[in-house]
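Residue numbers for the sequence shown follow this note's numbering, beginning at 5 and rising by one. Every residue, glycine too, gets a C-beta built ideally from N, C-alpha and C. Right, one structure below, let's go through it.
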Amino acid sequence: MSRLPHPIPYQGSKRALAPLIAPYVPRDVATFYEPFAGSAAVTLYAANLGLAKRFVVGDSLGPIIELWKSIVERPSDTSARYRSVWEGQKDGDLEYFNLVRARYNSERDPVDLLYIIARCVKNAVRFNAKGNFTQSVDKRRLGMRPERMREAIDGASHLLRGRVEFRVGDWLDTLSDAGREDFVYMDPPYLGTSVGRDKRYAEQMAQDRLCDGLAELNARSVRLALSYDGQTGEKVYGPPLPDSLGLDRLQLHAGRSSQATLQGRDDETIESLYLSPGLSDHDGSVIRKPKAIQQELAL
Ligand SMILES: C[S@@+](CC[C@H](N)C(=O)[O-])C[C@H]1O[C@@H](n2cnc3c(N)ncnc32)[C@H](O)[C@@H]1O
């Protein structure tokens with residue numbers, strides 16, 4: 005399998021887990037929905053495997069959906085504009101990033117967003133409650149090079165053009181027309197009561213709101229997969245979803261935490277994947293990536 009295009013370098017993207025999630029997508033899907041899309045890693049993976057006829061990509065953050073439209077519908081123009089913003093920076097000139105970030109925060113230009121995502125610390129997006137981008141510049145790396153970005157943009161456009169609809173808004177609005185012949189992959193932001201606001205996302209999601217929405221989807225027989233809680237070493241994040249939703253819970257091996265590796269520990273990160281009943285007959289043991297896929301992702 006050739007390298008999958010991934011034009012939006014989002015920390016927390018599901019790019020590495022997509023190969024473990026895709027096997028649970030049924031083979032008869034009319035429309036594949038990803039209503040918390042971010043970098044839409046699972047949609048790209050599913051489109052590459054031809055797992056659905058049509059895709060709906062949604063997010064409540066308007067500029068990220070504008071960025072997706074620009075990537076898919078105007079790939080040449082988007083990569084040319086990325087090149088021009090990227091080439092505006094000079095090695096060692098950290099102020100340039102702040103200028104582009106301030107311009108994004110006042111004008112919300114999607115290509116400025118792509119540059120600041122690519123150039124910020126560890127690609128770890130941070131937004132305040134007004135949707136302003138707050139993460140700082142990565143002092144050591146210049147962000148994805150224009151040539152590589154062009155290849156990723158062309159590849160993503162090739163996979164999705166003519167097959168995708170983009171929607172800005174709350175996940176339940178994006179899913180309003182999903183039915184029993186469709187499939188939904190969800191990766192909502194996690195709101196822990198003890199940790200407060202999740203600064204990675206402008207918008208937050210409380211667990212009761214999530215559960216109400218899932219119950220509504222169950223009632224409409226919409227088949228779904230949801231990434232949610234997990235565990236790194238001893239540290240557990242996110243309370244599990246209630247059994248009353250009737251979802252199966254798989255444990256996926258997401259890799260080693262880079263933080264732990266830096267501190268000389270060997271902690272592994274395990275993420276839950278909740279599935280509609282009947283999509284998996286797995287026995288509950290941790291599911292790991294085959295070696296060939298690990299090597300491909302490391303490239
Ligand atoms: C964990 S990220 C998804 C990352 C994604 N799986 C990827 O591969 O990049 C969650 C996304 O949900 C969006 N979001 C937050 N609240 C939302 C809501 N109520 N409805 C729709 N999208 C929301 C955020 O803007 C963010 O892009």
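At the level of alpha carbons, what is the spacing between arginine 292 and leucine 256? To locate residue 292, count along the sequence shown from 1; it is residue 288. To locate residue 256, count along the sequence shown from 1; it is residue 252. Going from the Cα of arginine 292 to the Cα of leucine 256 covers about 6 Å.
Taking the alpha helix (DSSP H) that phenylalanine 101 belongs to, which residues open and close that run? One-based indexing of the sequence shown puts residue 101 at position 97. 99 to 111 is the span of the alpha helix (DSSP H), which, as asked, contains phenylalanine 101.
Any heavy atom of ligand 1 closer than 7 Å to the Cβ of alanine 84? As a first step, residue 84 is located in the sequence shown; it is residue number 80 there, counting from the start. Because no heavy atom of ligand 1 lies under 7 Å away, the Cβ of alanine 84 does not count as near it: no.
Any heavy atom of ligand 1 inside 7 Å of the beta-carbon of glycine 16? One-based indexing of the sequence shown puts residue 16 at position 12. Yes.
Among the residues of its own chain, which have a CB less than 6 Å from the CB of methionine 5, if the five just before and after it don't count? Your numbering for residue 5 matches position 1 in the sequence shown. Its pLDDT being 42, under 50, methionine 5 is placed unreliably by the model, and nothing is read from it.
Suppose contacts are defined by Cβ-Cβ distances below 8 Å. Is alanine 20 in contact with glycine 259 by that definition? Against the sequence shown, residue 20 aligns to sequence position 16. Against the sequence shown, residue 259 aligns to sequence position 255. Going by C-beta atoms, alanine 20 is nearer than 8 Å to glycine 259.
Please classify proline 114: is it buried, with 16 or more other beta-carbons within 10 angstroms of its beta-carbon, or exposed? Numbered from 1 along the sequence shown, position 110 holds the residue referred to as residue 114. The residue is buried, with at least 16 neighbouring Cβ atoms inside 10 Å.
Through-space distance from glycine 234 to glutamine 139, alpha-carbon basis: Stepping through the sequence shown from its first residue, residue 139 is reached at position 135. Stepping through the sequence shown from its first residue, residue 234 is reached at position 230. Their Cα atoms are separated by approximately 25 Å.
Do three or more CB pairs link the stretch 185 to 195 to the stretch 99 to 111 at distances below 8 Å? no
Just the C-alpha distance for aspartate 174 and leucine 249, rounded to the nearest angstrom, thanks. As a working note, residue 174 is residue 170 in the sequence shown. As a working note, residue 249 is residue 245 in the sequence shown. Those two C-alpha atoms are separated by around 21 Å.
For glycine 54, count the other beta carbons within 10 Å of its own beta carbon; 16 or more makes it buried, fewer makes it exposed. Which is it? Taking the sequence shown and counting its residues from 1, the one referred to as residue 54 is at position 50. Looking at its Cβ environment, which holds fewer than 16 other Cβ atoms inside 10 Å, glycine 54 is exposed.
Indicate, with yes or no, if ligand 1 has a heavy atom lying under 7 Å from the CB of aspartate 63. Taking the first residue of the sequence shown as position 1, residue 63 is located at position 59. Under cutoff, so the answer is yes.
What are the uninterrupted segments assigned as alpha helix (DSSP H) that are 4 or more residues long and contained completely in the stretch 116 to 166, given in chain order? 150 to 164
Can you say whether proline 243 is buried or exposed, counting buried as having 16 or more other CB atoms within 10 angstroms of its CB? Taking the first residue of the sequence shown as 1, we reach residue 243 at position 239. It is exposed - the Cβ of proline 243 has fewer than 16 other Cβ atoms within 10 Å.
Inspect the beta-carbon positions of proline 39 and glycine 62 and report whether they are closer than 8 Å. Working through the sequence shown from its first residue, we reach residue 39 at position 35. Working through the sequence shown from its first residue, we reach residue 62 at position 58. Against a cut-off of 8 Å, the Cβ pair of glycine 62 and proline 39 comes out as a contact.
When the Cα atoms are used, what is the spatial distance from alanine 26 to alanine 50? Taking the sequence shown and counting its residues from 1, one reaches residue 26 at position 22. Taking the sequence shown and counting its residues from 1, one reaches residue 50 at position 46. Spanning the two alpha carbons is a distance of roughly 7 Å.
Determine the contact status of serine 284 and tyrosine 28, defining contact as a CB-CB distance below 8 Å. Here residue 284 is taken as the residue at index 280 of the sequence shown, counted from 1. Here residue 28 is taken as the residue at index 24 of the sequence shown, counted from 1. In contact: serine 284 and tyrosine 28 (Cβ atoms closer than 8 Å).
Please state whether the Cβ-Cβ distance between histidine 10 and leucine 48 is less than 8 Å. Within the sequence shown, residue 10 is the residue found at index 6, counting from 1. Within the sequence shown, residue 48 is the residue found at index 44, counting from 1. Cβ atoms of histidine 10 and leucine 48: closer than 8 Å.
Alpha carbon to alpha carbon, how far is leucine 279 from arginine 253? Give it in angstroms, no decimals. If you number the sequence shown from 1, residue 253 lands on position 249. If you number the sequence shown from 1, residue 279 lands on position 275. About 6 Å.
Measuring CA to CA, which of Gly16, Pro30, Ala41 is closest to valine 172? Along the sequence shown, one-based indexing puts residue 172 at 168. Taking only the C-alpha atoms, the option nearest valine 172 is Ala41.
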